[in-house]
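J.:
Protein chains: 4
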Amino acid sequence: MKTKILLTGFEPFGGEPINPSWELAQALATSHWSEEYFTAAVHAVQLPCVFGRSLQMLDLALAQFKPDMVLAIGQAAGRSELSLERVAINVDDARIPDNAGQSPVDEPILTAGPAAYFTTLPIKAMAAAVQAEGIPAGISQTAGTYVCNHVFYGLQHRCVASGVRSGFMHIPLLPEQAVRLPGKPSMPLALMVQGTRAALRAALAHTHDIKAVGGAED
Amino acid sequence: MKTKILLTGFEPFGGEPINPSWELAQALATSHWSEEYFTAAVHAVQLPCVFGRSLQMLDLALAQFKPDMVLAIGQAAGRSELSLERVAINVDDARIPDNAGQSPVDEPILTAGPAAYFTTLPIKAMAAAVQAEGIPAGISQTAGTYVCNHVFYGLQHRCVASGVRSGFMHIPLLPEQAVRLPGKPSMPLALMVQGTRAALRAALAHTHDIKAVGGAED
Amino acid sequence: MKTKILLTGFEPFGGEPINPSWELAQALATSHWSEEYFTAAVHAVQLPCVFGRSLQMLDLALAQFKPDMVLAIGQAAGRSELSLERVAINVDDARIPDNAGQSPVDEPILTAGPAAYFTTLPIKAMAAAVQAEGIPAGISQTAGTYVCNHVFYGLQHRCVASGVRSGFMHIPLLPEQAVRLPGKPSMPLALMVQGTRAALRAALAHTHDIKAVGGAED
Amino acid sequence: MKTKILLTGFEPFGGEPINPSWELAQALATSHWSEEYFTAAVHAVQLPCVFGRSLQMLDLALAQFKPDMVLAIGQAAGRSELSLERVAINVDDARIPDNAGQSPVDEPILTAGPAAYFTTLPIKAMAAAVQAEGIPAGISQTAGTYVCNHVFYGLQHRCVASGVRSGFMHIPLLPEQAVRLPGKPSMPLALMVQGTRAALRAALAHTHDIKAVGGAED
């Protein structure tokens with residue numbers, strides 16, 4: 001029986017017409033790549049860039065697909081690599097309003113929830129697998145305090161009980177977005193697809209993560 | 001009776017001859033500024049840049065001074081402002097060895113400890129107070145995974161039980177360090193002293209933090 | 001009769017095993033793209049990353065191919081876009097040795113030569129054409145003081161007399177290089193090829209440059 | 001007889017309420033520091049951030065003070081050090097309008113003027129003297145294409161004939177400006193004053209520049 005992988009991407013936000021995270025999730029789900037390489041079925045769902053509602057949509061998707069593994073994906077303008085997130089923290093602090101106009105400041109995502117959840121994906125093995133394809137990848141120590149972190153925290157809270165492995169990956173802008181944002185790094189969709197495939201294969205292959213440096217001094 | 005504030009700074013690391021965090025902690029403790037402004041006594045202690053031993057030294061200092069408030073301070077080459085840390089995470093992941101040659105990778109600081117501790121200092125009020133002096137300040141969502149985060153996590157673990165308010169602040173390089181590290185921002189010690197005084201006064205004045213934006217999208 | 005375009009790329013330097021500028025020049029010259037789009041013949045030549053010798057090689061190539069247009073290309077680690085250079089200055093100042101071990105400091109490229117030469121390519125039209133393909137491009141106000149600027153200055157000096165239009169373009173690292181240089185932006189070769197084709201077509205189409213902003217405050 | 005040094009600073013632009021370049025020029029001219037250290041008289045004049053008019057004001061100042069040396073100073077948001085400019089280029093290309101609403105694009109500053117002028121100040125010696133004070137300093141290969149470069153080019157054109165040594169220095173934001181521009185480096189005025197004094201003393205002491213690396217690969 002096939003492993004079921006759920007990918008989530010976001011709708012556009014912050015004035016951008018597209019969101020590479022949804023382009024990527026769709027591209028991975030609609031292609032038949034999974035069949036060729038391993039016995040996984042990949043589903044994609046788009047989440048609104050809205051505190052609260054994004055997690056309601058995630059609940060629906062989890063109930064519908066009953067995935068064995070979940071990778072939530074989000075756009076990170078300014079990053080140059082596939083960026084595997086280490087930890088989600090229990091706080092919403094919005095510098096810009098979400099797509100429903102909400103700007104929570106220092107509010108817990110889950111009252112009485114733990115301060116943070118670590119990823120349960122083997123992110124060091126995933127980053128190494130992406131790099132082995134010649135594609136830049138790395139570990140990130142913060143997913144921010146906006147809707148990306150909100151979904152990441154909510155996802156981990158839901159999955160930790162059920163034993164589903166889950167995590168979050170930030171990705172660069174697409175080149176066509178960077179045209180309008182001079183100086184921002186970018187990565188074409190095809191490279192993101194190739195890299196994420198390698199990351200997912202590594203996630204399936206590694207029950208426990210490898211020991212590889214991915215830290216930061218500050 | 002005076003409020004007792006403990007400041008910690010680090011010994012130099014990463015090839016640098018000095019560490020601005022210890023210069024700053026010393027300057028604040030040895031001056032008589034506190035008397036003029038509020039009834040606090042400020043003590044400073046230097047911590048080794050060593051996983052484990054730094055927390056043993058912290059234990060000694062906490063036992064000796066019995067502070068009402070603790071601000072641990074560390075150097076962050078590349079940051080341009082007084083940077084109030086929001087959260088400490090339960091992991092050591094050393095990109096470079098510590099001063100005792102240790103390079104832990106993905107090891108918990110406290111086995112079975114919580115994934116993270118939030119600061120218990122009013123960091124938004126503190127940042128606003130620094131800015132009101134015309135000195136750059138901000139909120140940071142990650143203290144890294146090196147000895148700074150190690151001390152921050154250990155500090156919060158020790159203080160959360162006792163009700164002592166505590167937190168961590170990263171600071172820029174000193175100008176004389178930036179001379180040897182072209183392109184890195186810096187801040188003179190006198191400005192750091194002035195800004196940290198304002199931050200500490202705000203911490204004493206605010207039992208609860210103010211609502212002010214300090215988040216990040218990613 | 002076909003327009004003859006000479007492209008130059010560099011051999012690797014600075015410890016890198018490849019140089020994207022030579023990969024790009026080769027890819028453009030060996031493909032049959034030019035025939036399909038316009039009547040140009042594209043030749044590529046590799047220059048050594050060596051002060052002096054690079055210009056001797058350029059002289060040979062100019063004598064052999066007798067091009068109508070020349071675009072010299074070089075690697076710029078840290079840039080995220082196809083970067084059209086505006087001006088070459090008459091100075092060598094090497095922070096790192098060239099591939100022959102030379103480190104000239106503040107020496108003129110051409111004694112009694114003019115302080116600078118502007119590009120004679122329509123760089124604003126070229127950048128706009130690249131961007132119209134959804135590929136990041138921009139104008140740069142400095143080509144540095146290393147071998148890239150050396151070749152650019154020498155090229156302009158040689159071409160200004162003969163009426164051959166010429167200029168210089170810096171390009172990002174390839175993704176496989178950025179894997180080893182965390183945090184550096186990159187661009188895949190295929191995107192560079194597509195963008196440079198658009199730039200060259202624009203250069204052929206515009207005898208005079210368009211008016212489009214491409215400046216910098218500092 | 002005293003050496004006469006003219007310093008120029010700019011009025012604020014780009015929405016900023018102050019311009020550190022004028023604060024610095026004033027501070028240096030109004031203090032009596034010069035008498036103590038060497039026999040120089042320092043005058044300061046404010047230039048409008050306006051293409052054309054800035055050079056008319058410069059002409060008046062040159063005629064009035066008849067300086068032996070001129071250092072024009074300008075603000076560079078984003079730079080972290082005292083930044084000695086190497087070269088001025090003969091082009092105006094305004095990304096944002098000047099204070100009179102002008103936005104020239106690719107227009108020569110001086111029709112039929114040379115493409116560029118090099119500084120005639122010993123910028124390597126000046127940078128070294130600033131660094132010896134423990135203050136970050138460096139060499140820059142571009143002064144941009146805005147009013148700073150406009151004044152620098154105009155200054156060199158005027159001084160090259162008369163034998164007056166002249167040049168341009170970009171400086172960071174002041175800390176109080178960086179409070180409103182998160183992430184931008186800054187330097188307090190007192191440090192800028194100390195560093196610029198050291199730079200000017202070095203300029204007076206060195207008729208010819210020292211050999212010291214200050215180049216860039218790109």
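One line per chain: the protein sequences are A, B, C and D, in this order. Under the UniProt record's numbering, the letters of the first sequence match residues 1 to 218, in that order. Under the UniProt record's numbering, the letters of the second sequence match residues 1 to 218, in that order. Under the UniProt record's numbering, the letters of the third sequence match residues 1 to 218, in that order. Under the UniProt record's numbering, the letters of the fourth sequence match residues 1 to 218, in that order. All residues carry an ideal CB built from backbone N, CA and C; glycine is no exception. Everything numeric in this text was worked out from a predicted model, so none of it was measured.
Are C:Leu82 and C:Gly167 close, meaning C-beta to C-beta below 7 Å?
T.: As a position in the third sequence, residue 82 of chain C is number 82, starting the count at 1. As a position in the third sequence, residue 167 of chain C is number 167, starting the count at 1. No, the Cβ-Cβ distance between C:Leu82 and C:Gly167 is not below 7 Å.
J.: Going along the chain, which residues of its own chain have a beta-carbon closer than 7 Å to the beta-carbon of B:Glu16, five neighbours each way excluded?
T.: To locate residue 16 of chain B, count along the second sequence from 1; it is residue 16. For B:Glu16, where only same-chain residues beyond five positions count, the Cβ hits under 7 Å are Gln177.
J.: Just to confirm the assignment, what range does the alpha helix (DSSP H) spanning C:His157 have?
T.: As a first step, residue 157 of chain C must be located in the third sequence, where it is residue number 157. Counting along the chain, the alpha helix (DSSP H) containing C:His157 begins and ends at 147–162.
J.: CB C:Ser54 to CB C:Val147, shorter than 7 Å?
T.: Mapped onto the third sequence, residue 54 of chain C falls at position 54. Mapped onto the third sequence, residue 147 of chain C falls at position 147. Result yes, Cβ atoms of C:Ser54 and C:Val147 sit closer than 7 Å.
J.: With 8 Å as the limit, tell me which residues of the region 113–129 of chain D have their beta carbon closer than that to any beta carbon of chain C; keep them in chain order.
T.: From the region 113–129 of chain D, only Pro114, Ala115, Ala116, Tyr117, Phe118, Lys124 have a Cβ closer than 8 Å to chain C.
J.: DSSP state of A:Ile123, grouped into three classes?
T.: The residue given as residue 123 of chain A occupies position 123 in the first sequence. Helix at A:Ile123.
J.: For the candidate residues A:Cys159, A:Leu189, A:Ile89, A:Ala203, whose alpha-carbon lies nearest to that of A:Pro20?
T.: Position 20 of the first sequence holds residue 20 of chain A. The residue with the shortest Cα to Cα distance from A:Pro20 is A:Leu189.
J.: If the criterion is Cβ atoms closer than 7 Å, does the pair C:Ala41 and C:Gln26 meet it?
T.: The sequence position of residue 41 of chain C within the third sequence is 41, counting from 1. The sequence position of residue 26 of chain C within the third sequence is 26, counting from 1. No, they are not a contact pair.
J.: With a cut-off of 8 Å on the beta carbons, I'd call A:Met192 and A:Leu24 a contact; round off their distance for me.
T.: Stepping through the first sequence from its first residue, residue 192 of chain A is reached at position 192. Stepping through the first sequence from its first residue, residue 24 of chain A is reached at position 24. Sure, about 5 Å apart at Cβ, within 8 Å.
J.: According to DSSP, simplified to helix, strand and coil, what is A:Glu16?
T.: Here residue 16 of chain A refers to the residue found at position 16 of the first sequence. A:Glu16 falls in the coil class under three-state DSSP.
J.: Mind listing the chain C neighbours of A:Val179? Cutoff is C-beta to C-beta under 8 Å, in chain order.
T.: On the first sequence, position 179 is the one that residue 179 of chain A refers to. Within 8 Å Cβ-Cβ: Gln131, Gly134, Ile135, Pro136, Ala137.
J.: How would you list, in chain order, the residues of chain B whose beta-carbon sits under 8 Å from the beta-carbon of D:Ser186?
T.: Counting from one through the fourth sequence, the residue named residue 186 of chain D turns up at place 186. Per Cβ cutoff of 8 Å: Ser80, Pro136, Pro185, Met187.
J.: Please confirm whether C:Ala128 and C:Glu85 have their CB atoms less than 7 Å apart.
T.: Stepping through the third sequence from its first residue, residue 128 of chain C is reached at position 128. Stepping through the third sequence from its first residue, residue 85 of chain C is reached at position 85. Cβ distance not < 7 Å, so C:Ala128 and C:Glu85 don't count as in contact.
J.: Would a C-beta distance cut-off of 7 Å place A:Ala115 and B:Tyr153 closer than the cut-off?
T.: Taking the first residue of the first sequence as 1, we reach residue 115 of chain A at position 115. Taking the first residue of the second sequence as 1, we reach residue 153 of chain B at position 153. No, the Cβ-Cβ distance between A:Ala115 and B:Tyr153 is not below 7 Å.
J.: Taking only three categories from DSSP, how would you classify A:Phe10?
T.: Sequence index remark: in the first sequence, residue 10 of chain A carries index 10 (1-based). Note: A:Phe10 maps to strand in three-state DSSP.
J.: Report yes or no: do the region 154–162 of chain B and the region 50–64 of chain D share at least 3 C-beta pairs separated by less than 8 Å?
T.: Counting Cβ pairs under 8 Å, fewer than three are found: no touch.
J.: Expressed to the nearest angstrom, what Euclidean distance is found between the alpha-carbon atoms of B:Ala100 and B:Asn149?
T.: Walking along the second sequence from the start, residue 100 of chain B turns up at place 100. Walking along the second sequence from the start, residue 149 of chain B turns up at place 149. The straight-line gap from Cα to Cα measures roughly 17 Å.
J.: Could you check if A:Ala112 is buried or exposed, using at least 16 other CB atoms within 10 Å of its CB as the buried criterion?
T.: Reading the first sequence from its first residue, position 112 is the one you call residue 112 of chain A. Exposed, because fewer than 16 other Cβ atoms sit within 10 Å of the Cβ of A:Ala112.
J.: Under the rule that 16 or more other beta-carbon atoms within 10 Å means buried, what is D:Ser34, buried or exposed?
T.: On the fourth sequence, residue 34 of chain D is found 34 positions in, with the first residue counted as 1. Residue confidence for D:Ser34 is low, a pLDDT of 49 falling below 50, so the modelled location carries little weight; the figure read from the coordinates is stated next. Counting Cβ neighbours within 10 Å, D:Ser34 comes out buried, since at least 16 surround it.
J.: Opposite C:His208 in the DSSP bridges: which residues?
T.: What you label residue 208 of chain C is simply residue 208 of the third sequence in a count that begins at 1. Answer is none; C:His208 lacks a bridge partner.
J.: Which bits of chain C does D:Cys148 rub up against, with CB to CB less than 8 Å?
T.: Mapped onto the fourth sequence, residue 148 of chain D falls at position 148. Simply Glu217, Asp218.
J.: Check each residue of the region 96–112 of chain B: if its Cβ is closer than 8 Å to any Cβ of chain A, include it; give the result in chain order.
T.: The region 96–112 of chain B vs chain A, Cβ under 8 Å: Ile96, Ser103, Val105, Asp106.
J.: Taking the straight line between their C-alpha atoms, what separation do you get for C:Gln46 and C:Glu133?
T.: On the third sequence, position 46 is the one that residue 46 of chain C refers to. On the third sequence, position 133 is the one that residue 133 of chain C refers to. If I take the Cα positions, the gap works out to 27 Å.
J.: Measure from the C-beta of C:Val213 to each C-beta in chain D and report whether the shortest distance is under 7 Å.
T.: The residue labelled residue 213 of chain C in the question sits at position 213 within the third sequence. So yes, C:Val213 belongs to the interface.
J.: With distances taken from CA atoms, which of B:Pro108, B:Met169, B:Pro172 is nearest B:Thr145?
T.: Here residue 145 of chain B refers to the residue found at position 145 of the second sequence. Considering only alpha carbons, the answer is B:Pro108.
J.: A:Thr111 by DSSP, collapsed to three states: which one?
T.: Position 111 of the first sequence, counted from the first residue, corresponds to residue 111 of chain A. A:Thr111: coil per DSSP, three-state reduction.
J.: Could you name the residues that DSSP lists as bridge partners for A:Lys4?
T.: Sequence index remark: in the first sequence, residue 4 of chain A carries index 4 (1-based). A:Lys4 is bridged to A:Ala41.
J.: Which residues bound the alpha helix (DSSP H) around B:Ser186?
T.: The residue given as residue 186 of chain B occupies position 186 in the second sequence. Element bounds for B:Ser186: n/a, residue is neither H nor E.
J.: For B:Val193, which residues in chain A fall below 7 Å Cβ to Cβ?
T.: To locate residue 193 of chain B, count along the second sequence from 1; it is residue 193. Here the premise fails: no neighbours, minimum Cβ distance about 21 Å.
J.: In terms of alpha-carbon separation, which member of C:Ile96, C:Asp68, C:Ala212, C:Val50 lies closest to C:Leu6?
T.: Here residue 6 of chain C corresponds to residue number 6 of the third sequence, with the count starting at 1. That would be C:Asp68, whose Cα lies nearest to the Cα of C:Leu6.
J.: From the beta carbon of D:Pro17, is the nearest beta carbon of chain C less than 7 Å away?
T.: Sequence index remark: in the fourth sequence, residue 17 of chain D carries index 17 (1-based). Not an interface residue.
J.: Taking Cβ-Cβ distances shorter than 9 Å, what residues in chain A pair up with C:Pro12?
T.: Translated into positions along the third sequence, residue 12 of chain C becomes position 12. The contacting residues do not exist; C:Pro12 stays about 16 Å from chain A at best.
J.: Got a sec? Which residues, its chain only, sit under 6 Å from A:Cys49 by beta carbon, not counting five neighbours each side?
T.: One-based indexing of the first sequence puts residue 49 of chain A at position 49. So the list reads Phe10, Glu11, Phe13, Asp98, Asn99, Val147, once near-sequence residues are dropped.
J.: Look at B:Val179 and D:Gln131 and say whether their C-beta atoms are less than 7 Å apart.
T.: Working through the second sequence from its first residue, we reach residue 179 of chain B at position 179. Working through the fourth sequence from its first residue, we reach residue 131 of chain D at position 131. Yes, the pair counts as a contact, with Cβ atoms nearer than the cut-off.
J.: Rank C:Leu121, C:Ile171, C:Thr8 by C-alpha distance to the C-alpha of C:Leu62 and give the top, closest one.
T.: As a first step, residue 62 of chain C is located in the third sequence; it is residue number 62 there, counting from the start. Cα-wise, what sits closest to C:Leu62 is C:Thr8.
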